[in-house]
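S.K.: Here's a structure for you.
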Amino acid sequence: HGITTGVPTGRLQPRQPAYPGLTEQEGRVLEILIRSGAESAKAIAEEVGLPPSDLEPILERLTQLAYVSRKGTRHQVVARPSSS
Numbered sequence: 062h063g064i065t066t067g068v069p070t071g072r073l074q075p076r077q078p079a080y081p082g083l084t085e086q087e088g089r090v091l092e093i094l095i096r097s098g099a100e101s102a103k104a105i106a107e108e109v110g111l112p113p114s115d116l117e118p119i120l121e122r123l124t125q126l127a128y129v130s131r132k133g134t135r136h137q138v139v140a141r142p143s144s145s
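In my numbering, each number is its position in the sequence shown, counted from 1, plus 61.
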């Protein structure tokens, strides 16, 4: 297929982010919290495969965007963004 054979090939469309406006990692963290309800930063870091130091800015941004709230050591979803 392709230009040398004369058979057209379809173009792959770029994958749309699950949550527009969030990075892939932010979306993954949000998905974990949606599934679990509430988790500690340590548990989230283990599930997403990030060191806690890399997770903190993600949780902070999700909190600033009002998707996540923090109660003690646990984080939970406040609002669920709609997938487009």
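All residues carry an ideal CB built from backbone N, CA and C; glycine is no exception.
#1: Determine whether the beta carbon atoms of Asp108 and Ile119 lie at a separation below 7 Å.
#2: Select from Leu111, Ser97, Gly110 and Pro113 the residue whose C-alpha is nearest the C-alpha of Val139.
#3: Checking the sheet assignment: what are the DSSP bridge partners for Leu130?
#4: What residue range is occupied by the uninterrupted beta strand (DSSP E) comprising Ala99?
#5: Have a look at Leu91 and Ala127 and give me their C-alpha separation to the nearest angstrom.
M.R.: From the atom records:
#1: Note that residue 108 is Glu in the sequence shown, not Asp. No, the Cβ-Cβ distance between Glu108 and Ile119 is not below 7 Å.
#2: Ser97
#3: The residue you asked about is not Leu; residue 130 is Ser in the sequence shown. Its beta-bridge partners are Gln137.
#4: Ala99 to Ser101
#5: 12 Å
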